[in-house]
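Note that the sequence shown ends on residue 291 in the UniProt record's numbering; no numbers are left out. Right, one structure below, let's go through it.
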Amino acid sequence: MVRIALDPTPYHSTHEFLDFFDVAAANGYEWIQLTPHPDWIPFFGHPRVDDDYVRKVRERSAATGVQITSLLPVQRLSWPEEPLRRAGVRNLTRTIEIAQELGVSVINTEFSGRPERAEESEAGFYRSMEELIPVLERAGVTLNIDPHPDDFVEDGLAGWQIIRGLNSDAVGFVYVASHTFHMGDRAESLIPALGDRLGAVYCADTFDHTRSHGLRYITNPPGNAVRVHQHQEIGDGDVDWDQLFGALGRSGFLAREDAILCSNVFGENERADEVSAAQLARIRELIAAHS
């Protein structure tokens, strides 16, 4: 059965990193995804932990009964400028070592390039993966990648084609529901194409920024190079959840023990406990309806 994890980002301002396990347990979660944090692995930075801190993470996980599905670092793996790309590879290599120490076999991440320099970013991505795939394969760790809004590739199908071009089972795909309308709103065609290479699905809602002739959101001056999306509670946006979970059910994703569904609502910090518990209940309802 698919594992349901909590993304603890809404608790960053109110809890210490090690307390995220207690938060997850209090809200009914048996699994957690460890996301960027200044006391752990910061955005675009080298991991801030030593062996003693990793031991403390293992101990807190064991004490609460909340297991770690995955790590989520964000590094400049596709950066068009070499010094930062090389730093991203170095930082992710250390993250793979940490995953091994924790007994975690999945890392989820983003391409992290630049859309205005797409060709250079894609070339940088493939250079990075030439170095990282052997490390992943030796460690027995799978790296799943999300084509994130404002990346060199945003469309879901194009992102999958780039991953498929690596010709390695060590690299898979993250489907982020709140990126639905940047990825092309193609769940029913993309998910069957991904097959078992779909490693994780993030569950948060968003509005369709393409509606109303592109005027649903207005930024001034017109033509600003911005990407707008939300990570809202399921049901508060335009994502078709029955369509998404129907596709996941038909593909076999919901029955896989290695698959991950992650609740990652970011816009409701002031009611984080209420939302986290409600997300878990709603995800379970969707699994039951579409398994």
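We put the beta carbon where it would ideally sit given N, CA and C, even for glycine. Keep in mind the model is a prediction, meaning the values are calculated, not measured.
Tell me which residues share the same chain as residue i and place their Cβ nearer than 7 Å to its Cβ, disregarding the 5 neighbours each side in the sequence.
i, result
"residue 232", "204, 205, 206, 265, 267"
"residue 226", "219"
"residue 278", "233"
"residue 243", "187, 188"
"residue 28", "277, 280"
"residue 104", "68, 70, 71"
"residue 151", "110, 111, 112, 113, 115"
Count the other CB atoms within 10 Å of the CB of residue i; is the residue buried (16 or more) or exposed (fewer)?
i, result
"residue 218", "exposed"
"residue 33", "buried"
"residue 237", "buried"
"residue 289", "exposed"
"residue 1", "exposed"
"residue 257", "exposed"
"residue 314", "One cannot answer for residue 314 here, as it falls past the ends of the chain, which runs 1 to 291."
"residue 175", "buried"
"residue 85", "buried"
"residue 159", "buried"
"residue 99", "buried"
"residue 213", "exposed"
"residue 202", "buried"
"residue 177", "buried"
"residue 146", "buried"
"residue 125", "buried"
"residue 8", "buried"
"residue 245", "buried"
"residue 17", "buried"
"residue 286", "buried"
Alpha helix (DSSP H) containing residue i: first to last residue?
i, result
"residue 126", "118-139"
"residue 24", "20-26"
"residue 189", "187-194"
"residue 143", "No alpha helix (DSSP H) contains residue 143, which is instead part of the beta strand (DSSP E) from 142-146."
"residue 109", "First-last for residue 109: 106-110, but that is the beta strand (DSSP E), not the alpha helix (DSSP H)."
"residue 244", "241-251"
"residue 93", "82-102"
"residue 218", "That residue, residue 218, is in no alpha helix (DSSP H); it is neither H nor E in DSSP."
"residue 156", "156-164"
For the beta strand (DSSP E) containing residue i, list its first residue and its last residue.
i, result
"residue 234", "Segment: none, residue 234 is in no beta strand (DSSP E) and carries neither H nor E."
"residue 41", "First-last for residue 41: undefined, no H or E at that position."
"residue 269", "From DSSP, residue 269 is part of no beta strand (DSSP E); its letter is neither H nor E."
"residue 206", "No beta strand (DSSP E) holds residue 206; DSSP gives it neither H nor E."
"residue 5", "3-6"
"residue 31", "31-34"
"residue 66", "Counting along the chain, residue 66 falls outside any beta strand (DSSP E), and DSSP gives it neither H nor E."
"residue 311", "Because the chain here runs from 1 to 291, residue 311 falls outside it and cannot be looked at."
"residue 254", "Looking at the DSSP string, residue 254 is not in any beta strand (DSSP E), and its letter there is neither H nor E."
"residue 291", "Neither: residue 291 is in no beta strand (DSSP E) and is coded neither H nor E."
"residue 77", "No beta strand (DSSP E) contains residue 77, which DSSP labels as neither H nor E."
"residue 72", "It is not in any beta strand (DSSP E) - residue 72 carries neither H nor E in the DSSP assignment."
"residue 263", "260-263"
Using a Cβ-Cβ cutoff of less than 6 Å, which residues in the same chain neighbour residue i once the five nearest sequence positions on both sides are dropped?
i, result
"residue 91", "46, 75"
"residue 228", "209, 217"
"residue 148", "110"
"residue 10", "269, 272"
"residue 296", "An answer regarding residue 296 cannot be provided, because it is not within the stretch 1 to 291 covered by the chain."
"residue 166", "129"
"residue 263", "6, 203, 279"
My understanding is that residue i touches residue j, with C-beta atoms under 8 Å, so please give their C-beta distance in whole angstroms.
i, j, result
"residue 144", "residue 195", "Contact flag wrong, Cβ pair sits at about 13 Å."
"residue 261", "residue 283", "6 Å"
"residue 72", "residue 35", "4 Å"
"residue 191", "residue 248", "6 Å"
"residue 93", "residue 107", "Between residue 107 and residue 93 the Cβ distance is about 11 Å, and since that is not below 8 Å, they are no contact."
"residue 173", "residue 197", "6 Å"
"residue 4", "residue 280", "6 Å"
"residue 120", "residue 89", "No, residue 120 and residue 89 are not in contact; Cβ-Cβ is about 16 Å, not under 8 Å."
"residue 102", "residue 57", "7 Å"
Examine the ligand SAH and report whether any of its heavy atoms sits within less than 7 Å of the Cβ of residue i.
i, result
"residue 33", "Inclusion of the ligand SAH in the displayed structure is not the case, the ligand content being empty and no account of it being possible."
Apart from the five residues just before and just after residue i, which ones in its own chain have a Cβ nearer than 8 Å to its Cβ?
i, result
"residue 137", "168, 170"
query: Is it a yes or a no for the stretch 19-26 touching the stretch 52-68, going by three-plus beta-carbon pairs under 8 Å?
result: Because the criterion of three Cβ pairs below 8 Å is met, the stretch 19-26 and the stretch 52-68 touch.
- prompt: Using 8 Å as the Cβ pair cut-off and three pairs as the minimum, do the stretch 140-155 and the stretch 182-193 touch?
  reply: Cβ pair count under 8 Å is three or more, so yes.
query: How do the stretch 69-83 and the stretch 102-115 stand: do at least 3 beta-carbon pairs fall below 8 Å, yes or no?
result: Yes, the stretch 69-83 is in contact with the stretch 102-115.
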